[in-house]
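Colleague:
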Amino acid sequence: MYKTEISKRLNKADYTRLPRLLELQGTFDNITSIEDSKKMLQIADINGSKYMEIYKLKEDVDISNIIQELNALSYHPNLPYIEGQGALTITKVYFHQSDFEILADFYTFDEVWIKSDDGRNQTLTPLHQRRVLHIKYNHNRQKLILTIDPIGDGVKISEDILRYIPEIFNQYNIIFFEYFELATIDNAIYTMIDNEVLRPTRLKSTDEGSNRVYDTLAQNPNDSLTDEVTFTDTRQNTLNINRMRLKHDELNISVELFSDDLLKVWSRANMEQNDGLKENIIQLL
Amino acid sequence: MGLKKTLYNFCKTNHIEDLNCILHITLLNCIANLSKKQKFVNISPKVIDGFSGIGEELAFDLLNELSNENTLIKKYYIFKCPDDGYETSGSINDNEIDDYHNIQIEACYRCHQEHQYDIDLDKTYEIGFSANREKTIEELKLTNNDIIKEMVVINTNPEHIDKIANILISKLKLQPEKKEEVKIGMIKYLHSIKNFSGLIADITGDAATTTGNIKQIAEDLSGFSSIKEFFNSEP
Chain A
2 MYKTEISKRL NKADYTRLPR LLELQGTFDN ITSIEDSKKM LQIADINGSK
52 YMEIYKLKED VDISNIIQEL NALSYHPNLP YIEGQGALTI TKVYFHQSDF
102 EILADFYTFD EVWIKSDDGR NQTLTPLHQR RVLHIKYNHN RQKLILTIDP
152 IGDGVKISED ILRYIPEIFN QYNIIFFEYF ELATIDNAIY TMIDNEVLRP
202 TRLKSTDEGS NRVYDTLAQN PNDSLTDEVT FTDTRQNTLN INRMRLKHDE
252 LNISVELFSD DLLKVWSRAN MEQNDGLKEN IIQLL
Chain B
9 MGLKKTLYNF CKTNHIEDLN CILHITLLNC IANLSKKQKF VNISPKVIDG
59 FSGIGEELAF DLLNELSNEN TLIKKYYIFK CPDDGYETSG SINDNEIDDY
109 HNIQIEACYR CHQEHQYDID LDKTYEIGFS ANREKTIEEL KLTNNDIIKE
159 MVVINTNPEH IDKIANILIS KLKLQPEKKE EVKIGMIKYL HSIKNFSGLI
209 ADITGDAATT TGNIKQIAED LSGFSSIKEF FNSEP
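So the protein lines, in turn, are chains A and B. Start counting the first sequence at 2; every next residue gets the next number (this note's numbering). Start counting the second sequence at 9; every next residue gets the next number (this note's numbering).
(1) Going by C-alpha to C-alpha distance, which of A:89, A:126, A:109 sits closest to residue 117 (chain A)?
(2) If residue 266 (chain A) sits next to residue 51 (chain A), beta carbons under 8 Å apart, how far is it from one beta carbon to the other, in whole angstroms?
(3) Under 8 Å between beta-carbons, which chain B residues line up against residue 224 (chain A)? List them in chain order, please.
(4) Three or more C-beta pairs closer than 8 Å, one from the stretch 200-212 of chain A and one from the stretch 169-176 of chain A: is that the case here?
(5) What residue does the alpha helix (DSSP H) around residue 230 (chain A) start on, and which one ends it?
(6) Please list, in chain order, the chain B residues whose beta carbon lies closer than 7 Å to that of residue 43 (chain A).
(7) Rounded to the nearest angstrom, what separates residue 143 (chain B) and residue 79 (chain B) at their Cα positions?
(8) Run through the stretch 26-110 of chain A for me and flag every whole beta strand (DSSP E) of 3 or more residues, listed as ranges in chain order.
(9) For residue 233 (chain A) and residue 255 (chain A), what's the separation of their Cα atoms in angstroms?
(10) Measuring only between beta-carbons, confirm whether residue 99 (chain B) sits less than 9 Å from chain A.
(11) Counting only C-beta atoms, is residue 17 (chain A) closer than 9 Å to chain B at any point?
(12) Strictly below 7 Å CB to CB, what residues from chain A border residue 90 (chain B)?
(13) My output table needs one value for residue 125 (chain A): the three-state DSSP class, helix, strand or coil.
(14) If we cut at 9 Å on Cβ distances, does residue 4 (chain A) have a partner in chain B?
(15) Indicate whether the contact test is met: 3 or more Cβ pairs, each with one atom in the stretch 15-24 of chain B and one in the stretch 85-105 of chain B, closer than 8 Å.
(16) I'd like to know if the stretch 206-217 of chain A and the stretch 262-278 of chain A are in contact, where contact means that at least 3 CB-CB pairs between them fall below 8 Å.
(17) So, is the C-beta of residue 90 (chain A) closer than 9 Å to a C-beta in chain B?
(18) For residue 28 (chain A), I'd like the list of residues in its chain whose CB is within less than 8 Å of its CB, leaving aside the five on either flank, ordered along the chain.
(19) Could you pull the start and end residues of the beta strand (DSSP E) that residue 87 (chain B) belongs to?
(20) Can you tell which of A:73, A:132, A:121, A:138 has the C-alpha that lies nearest to the C-alpha of residue 99 (chain A)?
(21) Could you please give the first and the last residue of the uninterrupted alpha helix (DSSP H) stretch that includes residue 277 (chain A)?
(22) Residues of chain B with CB under 8 Å from residue 268 (chain A), in chain order?
(23) Jot down the residue ranges of each uninterrupted beta strand (DSSP E) in the stretch 84-125 of chain B, minimum 3 residues, whole runs only, in chain order.
(24) Let me know if residue 98 (chain B) comes out buried or exposed under the rule of 16 or more other beta-carbons within 10 Å of its beta-carbon.
(25) Closer than 7 Å by beta-carbon distance: list the chain A residues that pair up with residue 86 (chain B), in chain order.
(26) One question on the structure: do residue 136 (chain A) and residue 103 (chain A) come within less than 9 Å of each other, judged by their Cβ atoms?
(27) Which residue from B:105, B:30, B:132 puts its Cα closest to that of residue 62 (chain B)?
(28) When DSSP labels each residue in this structure, what does residue 146 (chain B) get in the three-state scheme?
(29) For the pair the stretch 88-96 of chain A and the stretch 95-109 of chain B, tell me if three or more CB-CB distances fall below 8 Å.
(30) Say whether chain E places a C-beta atom closer than 9 Å to the C-beta of residue 80 (chain B).
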């Protein structure tokens, strides 16, 4: 059960090295201990494909007010799915000095592509899917990174996040948005493009005046759309960004910018790839 | 193996040795003479065929051979969304594929789902090629020896002169109706050979370099007023 969930979240090359990373006895396949499986799942939960938002600590607020309201909770994932018990549940709370971390999970009912046994066909099949929301605040940088498993596609997830955040923090009598504000990350992304860290491979933008949608796709996997007029116009806000797919060549992951504050990590990014991307962005904020 | 050597072997195997120089210049021109100066450029068999006349199929085989023998030219696959056989799902370089029976496209451009492809079972994919622009130009760079050898071969066949003229014309910013007239003047000049090596050596230069060189040639020679006038009238 835990291993199936882990294998959904990470690539095989990454989840099979988790026992070594966590200094567990045995290989991924022969680990039977539930505690060891949970340790591996906890890492898988916070990596893989995610939507990401970054929040800044507001000025003149005291973070200790949040820390003192939190109750430490050891990791206990809501698994397997039990009918009627798929609501958002806090699965871990950790704090140290002024830093804190919260993990939560919940279930959605979605259609996903499932390959047939002979590998010849793929069909859309309805399934209950476990979703994880992760919040991590670093007081040195005064930044909070929120990641959430993909649900649907695009900016609608921002509305979902606005619903999930109060669900979590109300349990501790904390009004989250009194302490944090959403950071815009588009300038950091464009700087990373200038520095050839990211490479735009698909850009869809709208001209609000004419109501025309411009959608450019680089089919050559090594191409970059930085020489397109629509890229320049989108960067200068002459066109409104709908979505911009980007390739991080060094980390070998694909990400997508949906607005000025919502990023999606498309690839099943491992621990190093996820940390590397977050570090890249935070450095530029 | 080096690109020049692979190209030479390919031409020999396919009995098109006399086109070695044309293909060499065509490749250089395709990779260098793009208005979009990205790190990687797309190379199309159609364009190679357009300048060399070897046929799209043979041009594809040539690019395939170059990508097999050298990492500067990459072969890539474009896959289609299984939910819509026409829309692009994603693309991947050949050298990034671990298992041809389980190629993963993590984020379909159309339906945003993950797809797995088997190269033997999915027949709707397309193949393309791209080149690392600067490094490929460096490796294909024409030496004086190359130019002397190629000039000798080029002069053995009037069709080759015509192809070279087409390549050079493609680099110039001319109004479409003036292209044929300039080409006629250029062919006359190419037959005269004087300064030809300079033109070929600058095949990877930008339009301004080529224009400057051709303008200089036109000024140097009598009887090619048509070329001279076109360039003198440029802003």
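Glycine included, C-beta positions come from ideal geometry on N, C-alpha and C.
Modeller: Concretely, from the data shown:
(1) Per the Cα distances, A:126.
(2) Indeed, because the Cβ distance is near 5 Å, the residues count as touching under 8 Å.
(3) Among the residues of chain B, those whose CB is under 8 Å from the CB of residue 224 (chain A) are 46, 48, 50, 138, following chain order.
(4) No, the stretch 200-212 of chain A is not in contact with the stretch 169-176 of chain A.
(5) Counting along the chain, the unbroken alpha helix (DSSP H) around residue 230 (chain A) starts and ends at 230-236.
(6) What residue 43 (chain A) touches in chain B: nothing, since even the nearest Cβ is about 23 Å away.
(7) Taking the Cα positions, residue 143 (chain B) is about 10 Å away from residue 79 (chain B).
(8) Listed in chain order, the beta strand (DSSP E) elements of length 3 or more contained wholly in the stretch 26-110 of chain A are 51-58, 90-97.
(9) Put simply, the backbone Cα of residue 233 (chain A) is about 21 Å away from that of residue 255 (chain A).
(10) Contact with chain A is found for residue 99 (chain B), since one of that chain's Cβ atoms lies less than 9 Å from the residue's Cβ.
(11) Contacts with chain B at 9 Å (Cβ-Cβ) do not include residue 17 (chain A).
(12) Those within 7 Å of residue 90 (chain B) in chain A are 123.
(13) Secondary structure at residue 125 (chain A): strand, using DSSP grouped into helix, strand and coil.
(14) Residue contact with chain B for residue 4 (chain A): absent (no Cβ-Cβ distance below 9 Å to any residue of chain B).
(15) Contact fails: fewer than three Cβ-Cβ distances are below 8 Å.
(16) The stretch 206-217 of chain A vs the stretch 262-278 of chain A: no contact.
(17) Using beta-carbon distances, residue 90 (chain A) does not count as an interface residue toward chain B, since no partner is under 9 Å.
(18) Result list for residue 28 (chain A): 17, 20, in chain order.
(19) First-last of the beta strand (DSSP E) with residue 87 (chain B): 81-89.
(20) Nearest Cα to residue 99 (chain A) within the set A:73, A:132, A:121, A:138: A:138.
(21) DSSP places residue 277 (chain A) inside the alpha helix (DSSP H), whose first and last residues are 272-285.
(22) Near residue 268 (chain A) (Cβ distances below 8 Å), the residues of chain B are 114, 115.
(23) For the stretch 84-125 of chain B, the full-length beta strand (DSSP E) segments reaching 3 residues or more read 92-101, 111-113, 123-125 along the chain.
(24) With 16 or more Cβ atoms within 10 Å of its Cβ, residue 98 (chain B) is classed as buried.
(25) Those are 220, listed as they occur along chain A.
(26) Taking 9 Å as the Cβ cut-off, residue 136 (chain A) and residue 103 (chain A) qualify as a contacting pair.
(27) Of B:105, B:30, B:132, the residue nearest in Cα terms is B:30.
(28) Of the three classes helix, strand and coil, the one that applies to residue 146 (chain B) here is helix, per DSSP.
(29) Touching, no, given that fewer than three Cβ pairs across the two stretches are closer than 8 Å.
(30) Judged by its chain identifiers, the structure shown contains no chain E, and its protein chains are A and B.
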